[in-house]
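Structure first, then comments.
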Amino acid sequence: MKVVYPYDTTPFVKISIHEVVKTLFEAIILVFLVMYLFLQNIRATLIPTIAVPVVLLGTFAVLAAFGYSINTLTMFGMVLAIGLLVDDAIVVVENVERVMMEDNLSPREATEKSMSQIQGALVGIAMVLSAVFIPMAFFGGSTGAIYRQFSITIVSAMALSVLVALILTPALCATLLKPVSAEHHEKKSGFFGWFNTRFDHSVNHYTNSVSGIVRNTGRYLIIYLLIVVGMAVLFLRLPTSFLPEEDQGVFLTMIQLPSGATQERTQKVLDQVTHYYLNNEKANVESVFTVKRL
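Per the working numbering, the sequence shown runs over residues 164 to 457.
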(Lines of atoms letter the chains of each structure in order from A and count residues from 1; the text may use other names and numbers.)
(Lines give C-alpha, C1' and ligand atoms only; values in the text may rest on other atoms or scores of the structure.)
Protein backbone atom coordinates (compact mmCIF):
# COMPACT_ATOMS: atom_id res chain seq x y z
CA MET A 1 0.00 0.00 0.00
CA LYS A 2 1.24 3.47 -0.89
CA VAL A 3 0.04 6.78 0.54
CA VAL A 4 -0.15 9.55 -2.05
CA TYR A 5 -0.73 13.24 -1.35
CA PRO A 6 -2.43 14.50 -4.52
CA TYR A 7 -2.50 18.12 -3.36
CA ASP A 8 0.77 18.83 -1.56
CA THR A 9 1.89 22.46 -1.47
CA THR A 10 5.08 21.66 0.46
CA PRO A 11 7.40 21.50 -2.61
CA PHE A 12 6.17 24.86 -3.88
CA VAL A 13 6.57 26.48 -0.45
CA LYS A 14 10.07 25.04 -0.01
CA ILE A 15 11.15 26.25 -3.44
CA SER A 16 9.68 29.71 -2.79
CA ILE A 17 11.44 30.09 0.58
CA HIS A 18 14.70 28.76 -0.91
CA GLU A 19 14.57 31.35 -3.69
CA VAL A 20 13.83 34.16 -1.25
CA VAL A 21 16.68 33.08 1.05
CA LYS A 22 19.02 32.97 -1.94
CA THR A 23 17.87 36.45 -2.92
CA LEU A 24 18.52 37.61 0.65
CA PHE A 25 22.14 36.47 0.53
CA GLU A 26 22.57 37.93 -2.95
CA ALA A 27 21.21 41.25 -1.69
CA ILE A 28 23.70 41.29 1.21
CA ILE A 29 26.62 40.58 -1.15
CA LEU A 30 25.51 43.24 -3.65
CA VAL A 31 25.02 45.78 -0.87
CA PHE A 32 28.57 45.09 0.35
CA LEU A 33 30.03 45.50 -3.16
CA VAL A 34 28.13 48.72 -3.87
CA MET A 35 29.12 50.22 -0.52
CA TYR A 36 32.78 49.32 -1.10
CA LEU A 37 32.62 50.83 -4.58
CA PHE A 38 31.55 54.21 -3.22
CA LEU A 39 33.13 54.24 0.25
CA GLN A 40 36.40 52.72 -1.07
CA ASN A 41 37.40 51.80 2.47
CA ILE A 42 37.11 48.24 3.71
CA ARG A 43 36.76 49.36 7.33
CA ALA A 44 33.97 51.80 6.48
CA THR A 45 32.28 49.13 4.37
CA LEU A 46 32.37 46.52 7.13
CA ILE A 47 30.47 48.75 9.56
CA PRO A 48 27.15 48.81 7.62
CA THR A 49 27.68 45.16 6.69
CA ILE A 50 27.96 44.18 10.36
CA ALA A 51 24.69 45.98 11.04
CA VAL A 52 22.79 43.75 8.58
CA PRO A 53 22.91 40.41 10.48
CA VAL A 54 22.35 42.20 13.80
CA VAL A 55 19.14 43.80 12.52
CA LEU A 56 17.97 40.59 10.84
CA LEU A 57 18.51 38.63 14.06
CA GLY A 58 16.44 41.17 15.97
CA THR A 59 13.74 41.03 13.30
CA PHE A 60 13.51 37.25 13.66
CA ALA A 61 13.02 37.75 17.40
CA VAL A 62 10.17 40.20 16.76
CA LEU A 63 8.51 37.76 14.36
CA ALA A 64 8.78 35.02 16.97
CA ALA A 65 7.22 37.32 19.58
CA PHE A 66 4.24 37.94 17.27
CA GLY A 67 3.91 34.23 16.55
CA TYR A 68 4.74 34.57 12.86
CA SER A 69 6.65 32.00 10.84
CA ILE A 70 9.40 32.25 8.24
CA ASN A 71 7.42 32.39 5.01
CA THR A 72 7.61 34.07 1.64
CA LEU A 73 6.00 37.28 2.92
CA THR A 74 8.30 37.78 5.92
CA MET A 75 11.40 36.82 3.92
CA PHE A 76 10.43 39.17 1.10
CA GLY A 77 9.99 41.92 3.68
CA MET A 78 13.53 41.26 4.92
CA VAL A 79 14.92 41.36 1.38
CA LEU A 80 13.23 44.71 0.83
CA ALA A 81 14.47 45.97 4.20
CA ILE A 82 18.12 45.12 3.41
CA GLY A 83 18.57 48.17 1.21
CA LEU A 84 16.76 50.40 3.70
CA LEU A 85 18.45 49.29 6.91
CA VAL A 86 22.00 49.91 5.63
CA ASP A 87 21.06 53.50 4.80
CA ASP A 88 21.22 54.54 8.46
CA ALA A 89 24.64 52.98 8.96
CA ILE A 90 25.95 54.53 5.73
CA VAL A 91 24.74 57.97 6.81
CA VAL A 92 26.60 57.60 10.11
CA VAL A 93 29.83 56.38 8.49
CA GLU A 94 29.80 59.04 5.78
CA ASN A 95 29.19 61.85 8.25
CA VAL A 96 31.93 60.61 10.59
CA GLU A 97 34.42 60.56 7.70
CA ARG A 98 33.31 64.03 6.62
CA VAL A 99 33.82 65.43 10.13
CA MET A 100 37.25 63.78 10.34
CA MET A 101 38.30 65.39 7.04
CA GLU A 102 36.89 68.86 7.66
CA ASP A 103 37.76 69.26 11.36
CA ASN A 104 40.87 67.04 11.50
CA LEU A 105 39.50 65.10 14.47
CA SER A 106 40.18 61.61 15.74
CA PRO A 107 37.61 58.88 14.95
CA ARG A 108 36.20 59.00 18.49
CA GLU A 109 35.85 62.80 18.56
CA ALA A 110 34.44 62.83 15.03
CA THR A 111 31.89 60.17 15.99
CA GLU A 112 30.68 62.17 18.99
CA LYS A 113 30.31 65.34 16.92
CA SER A 114 28.72 63.50 14.00
CA MET A 115 26.07 61.78 16.12
CA SER A 116 25.06 65.09 17.69
CA GLN A 117 24.35 66.34 14.16
CA ILE A 118 22.42 63.46 12.62
CA GLN A 119 20.69 61.49 15.38
CA GLY A 120 17.49 63.50 14.94
CA ALA A 121 17.56 62.90 11.18
CA LEU A 122 17.99 59.14 11.70
CA VAL A 123 14.95 58.97 13.95
CA GLY A 124 12.95 61.09 11.51
CA ILE A 125 13.82 58.81 8.59
CA ALA A 126 12.66 55.76 10.53
CA MET A 127 9.40 57.44 11.51
CA VAL A 128 8.64 58.43 7.92
CA LEU A 129 9.28 54.91 6.61
CA SER A 130 7.25 53.38 9.43
CA ALA A 131 4.37 55.75 8.72
CA VAL A 132 4.25 54.34 5.19
CA PHE A 133 4.09 50.67 6.20
CA ILE A 134 2.26 50.70 9.56
CA PRO A 135 -1.22 51.32 8.03
CA MET A 136 -0.84 48.08 6.06
CA ALA A 137 -0.90 46.16 9.36
CA PHE A 138 -4.46 47.34 10.01
CA PHE A 139 -6.02 46.13 6.76
CA GLY A 140 -9.03 43.92 7.34
CA GLY A 141 -10.03 40.60 5.85
CA SER A 142 -7.75 38.41 3.77
CA THR A 143 -5.80 41.45 2.55
CA GLY A 144 -4.82 42.28 6.11
CA ALA A 145 -3.79 38.68 6.79
CA ILE A 146 -1.45 38.83 3.81
CA TYR A 147 0.08 42.26 4.36
CA ARG A 148 0.20 42.32 8.17
CA GLN A 149 3.26 40.09 8.45
CA PHE A 150 4.97 41.95 5.61
CA SER A 151 4.32 45.30 7.29
CA ILE A 152 5.48 44.20 10.74
CA THR A 153 8.65 42.71 9.26
CA ILE A 154 9.67 45.94 7.55
CA VAL A 155 8.68 48.24 10.43
CA SER A 156 10.54 46.14 13.01
CA ALA A 157 13.61 46.03 10.76
CA MET A 158 13.48 49.82 10.38
CA ALA A 159 13.16 50.39 14.13
CA LEU A 160 16.03 48.03 14.89
CA SER A 161 18.09 49.66 12.15
CA VAL A 162 17.81 53.02 13.90
CA LEU A 163 18.75 51.50 17.26
CA VAL A 164 21.81 49.90 15.68
CA ALA A 165 22.71 53.18 13.95
CA LEU A 166 22.46 55.05 17.26
CA ILE A 167 24.23 52.46 19.44
CA LEU A 168 26.36 49.92 17.56
CA THR A 169 27.43 51.86 14.47
CA PRO A 170 28.95 54.82 16.39
CA ALA A 171 30.92 52.37 18.56
CA LEU A 172 32.24 50.64 15.44
CA CYS A 173 33.12 53.98 13.83
CA ALA A 174 35.08 55.07 16.90
CA THR A 175 37.04 51.81 17.02
CA LEU A 176 37.42 50.66 13.40
CA LEU A 177 37.84 53.86 11.40
CA LYS A 178 41.21 55.50 10.91
CA PRO A 179 41.83 59.25 10.62
CA VAL A 180 41.12 60.48 7.08
CA SER A 181 42.89 63.36 5.36
CA ALA A 182 41.13 65.82 3.10
CA GLU A 183 43.12 64.59 0.07
CA HIS A 184 42.28 60.90 0.40
CA HIS A 185 39.71 61.07 -2.41
CA GLU A 186 42.10 62.62 -4.92
CA LYS A 187 44.94 60.20 -4.15
CA LYS A 188 43.05 57.16 -5.41
CA SER A 189 44.59 55.41 -8.40
CA GLY A 190 43.74 52.44 -10.58
CA PHE A 191 40.12 51.44 -10.89
CA PHE A 192 38.93 53.64 -8.01
CA GLY A 193 40.76 56.63 -9.48
CA TRP A 194 39.07 56.05 -12.83
CA PHE A 195 35.70 55.53 -11.13
CA ASN A 196 36.03 58.71 -9.05
CA THR A 197 36.91 60.73 -12.14
CA ARG A 198 33.96 59.41 -14.12
CA PHE A 199 31.64 59.82 -11.16
CA ASP A 200 32.74 63.43 -10.63
CA HIS A 201 32.10 64.13 -14.31
CA SER A 202 28.63 62.61 -13.97
CA VAL A 203 27.92 64.74 -10.90
CA ASN A 204 29.02 67.88 -12.73
CA HIS A 205 26.84 66.97 -15.71
CA TYR A 206 23.92 66.32 -13.39
CA THR A 207 24.45 69.67 -11.64
CA ASN A 208 24.50 71.51 -14.96
CA SER A 209 21.36 69.68 -16.09
CA VAL A 210 19.51 70.61 -12.90
CA SER A 211 20.57 74.23 -13.34
CA GLY A 212 19.15 74.18 -16.87
CA ILE A 213 15.87 72.70 -15.61
CA VAL A 214 15.59 75.39 -12.94
CA ARG A 215 16.03 78.09 -15.58
CA ASN A 216 13.25 76.56 -17.73
CA THR A 217 10.74 75.47 -15.12
CA GLY A 218 7.68 76.03 -17.31
CA ARG A 219 8.75 73.60 -20.00
CA TYR A 220 9.72 70.87 -17.57
CA LEU A 221 6.55 71.30 -15.51
CA ILE A 222 4.58 70.51 -18.66
CA ILE A 223 6.74 67.41 -19.22
CA TYR A 224 6.16 66.39 -15.60
CA LEU A 225 2.40 66.78 -15.97
CA LEU A 226 2.48 64.64 -19.11
CA ILE A 227 4.37 61.95 -17.18
CA VAL A 228 1.76 62.05 -14.40
CA VAL A 229 -1.08 61.78 -16.93
CA GLY A 230 0.65 58.88 -18.68
CA MET A 231 1.13 57.14 -15.34
CA ALA A 232 -2.56 57.56 -14.51
CA VAL A 233 -3.61 56.20 -17.91
CA LEU A 234 -1.37 53.15 -17.55
CA PHE A 235 -2.62 52.56 -14.01
CA LEU A 236 -6.24 52.56 -15.17
CA ARG A 237 -5.57 50.34 -18.19
CA LEU A 238 -3.48 47.67 -16.50
CA PRO A 239 -5.46 44.55 -15.48
CA THR A 240 -6.11 44.05 -11.77
CA SER A 241 -6.21 40.93 -9.62
CA PHE A 242 -6.11 39.98 -5.95
CA LEU A 243 -2.93 37.91 -6.25
CA PRO A 244 -0.56 37.38 -9.19
CA GLU A 245 -0.87 34.18 -11.17
CA GLU A 246 1.85 31.62 -10.45
CA ASP A 247 2.57 28.02 -11.31
CA GLN A 248 2.22 25.87 -8.18
CA GLY A 249 2.37 22.55 -10.03
CA VAL A 250 -1.38 21.96 -9.61
CA PHE A 251 -4.27 22.34 -12.05
CA LEU A 252 -8.02 21.89 -11.63
CA THR A 253 -10.46 20.30 -14.05
CA MET A 254 -14.20 20.94 -13.63
CA ILE A 255 -16.63 18.47 -15.21
CA GLN A 256 -20.33 19.30 -15.47
CA LEU A 257 -22.81 16.72 -16.67
CA PRO A 258 -26.41 17.44 -17.76
CA SER A 259 -28.99 17.95 -15.05
CA GLY A 260 -30.39 14.70 -13.72
CA ALA A 261 -27.27 12.63 -14.42
CA THR A 262 -26.95 9.70 -12.03
CA GLN A 263 -24.09 9.28 -9.59
CA GLU A 264 -22.97 6.15 -11.43
CA ARG A 265 -22.63 8.10 -14.68
CA THR A 266 -20.77 10.91 -12.93
CA GLN A 267 -18.35 8.45 -11.32
CA LYS A 268 -17.79 6.76 -14.68
CA VAL A 269 -16.82 10.07 -16.28
CA LEU A 270 -14.49 10.86 -13.38
CA ASP A 271 -12.84 7.46 -13.76
CA GLN A 272 -12.33 8.10 -17.48
CA VAL A 273 -10.72 11.47 -16.81
CA THR A 274 -8.50 9.97 -14.11
CA HIS A 275 -7.43 7.17 -16.44
CA TYR A 276 -6.62 9.67 -19.18
CA TYR A 277 -4.43 11.82 -16.95
CA LEU A 278 -2.56 8.91 -15.34
CA ASN A 279 -1.90 7.13 -18.64
CA ASN A 280 -1.87 9.69 -21.45
CA GLU A 281 -0.34 12.53 -19.39
CA LYS A 282 1.79 10.51 -16.97
CA ALA A 283 4.88 12.54 -17.91
CA ASN A 284 3.19 15.66 -16.52
CA VAL A 285 0.72 14.28 -13.96
CA GLU A 286 1.89 12.48 -10.83
CA SER A 287 -1.43 11.92 -9.09
CA VAL A 288 -5.13 12.76 -9.42
CA PHE A 289 -7.66 13.63 -6.74
CA THR A 290 -11.36 13.68 -7.59
CA VAL A 291 -14.32 15.14 -5.72
CA LYS A 292 -17.87 14.22 -6.74
CA ARG A 293 -20.61 16.67 -5.88
CA LEU A 294 -23.86 15.07 -4.80
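Note that CB positions come from ideal geometry on N, CA and C, so glycine has one too.
Item, Value
"Inter-stretch contact (C-beta, 8 Å, three-pair minimum) for the segment 221 to 241 and the segment 380 to 387", "no"
"Neighbour-count burial assignment, residue 183, 16 or more Cβ in a 10 Å radius", "buried"
"Counted within 10 angstroms of its Cβ, other Cβ atoms place residue 251 as buried (16 or more) or exposed", "buried"
"Where residue 452 sits in the DSSP three-state scheme", "coil"
"Pair within 7 Å by beta-carbon distance, residue 215 and residue 191", "yes"
"Buried or exposed (CB count within 10 angstroms, at least 16 for buried), residue 342", "exposed"
"Bounding residues of the alpha helix (DSSP H) (the contiguous stretch that carries residue 219)", "205 to 229"
"CA nearest to the CA of residue 245, picked from 194, 234, 231", "194"
"Residue 317 beta carbon less than 7 Å from that of residue 157", "The shown model of the chain, from 164 to 457, leaves out residue 157, and the question about it has no answer."
"Residue 327 vs residue 218 beta-carbon contact at 7 Å", "yes"
"Residue 248 vs residue 319 beta-carbon contact at 7 Å", "no"
"Cβ separation of residue 256 and residue 202, assumed to be a contact under 8 Å, to the nearest whole Å", "7 Å"
"Best match in 304, 288, 310, 305 for proximity to residue 298 [C-alpha to C-alpha]", "310"
"Buried/exposed call for residue 288, threshold 16 Cβ in 10 Å", "buried"
"Pair within 7 Å by beta-carbon distance, residue 440 and residue 451", "yes"
"Start-to-end residues for the alpha helix (DSSP H) that takes in residue 395", "380 to 400"
"Between the CA atoms of residue 312 and residue 225 - distance to the nearest angstrom", "11 Å"
"Cβ-Cβ distance between residue 455 and residue 429 below 7 Å", "yes"
"Boundaries of the alpha helix (DSSP H) in which residue 253 is found, first to last residue", "235 to 266"
"N- and C-terminal bounds of the alpha helix (DSSP H) containing residue 328", "304 to 339"
"Cβ neighbour criterion (16 or more within 10 Å) applied to residue 220", "exposed"
"Separation of residue 258 from residue 402, as counted between CA atoms", "45 Å"
"Local Cβ density within 10 Å of residue 425, reported as buried at 16 or more and exposed below that", "exposed"
"DSSP three-state assignment for residue 275, whether helix, strand or coil", "helix"
"Best match in 187, 198, 211, 168 for proximity to residue 334 [C-alpha to C-alpha]", "211"
"Beta-carbon contacts of residue 281 that lie in its chain and below 8 Å, excluding the five residues immediately before and after", "254, 255, 258"
"Local conformation of residue 343 per DSSP, three classes", "coil"
"Delimiting residues of the alpha helix (DSSP H) encompassing residue 429", "426 to 443"
"Alpha-carbon to alpha-carbon, residue 373 and residue 390", "18 Å"
"Residue 293 vs residue 321 beta-carbon contact at 7 Å", "yes"
"Inter-residue Cα distance where the pair is residue 228 and residue 185", "25 Å"
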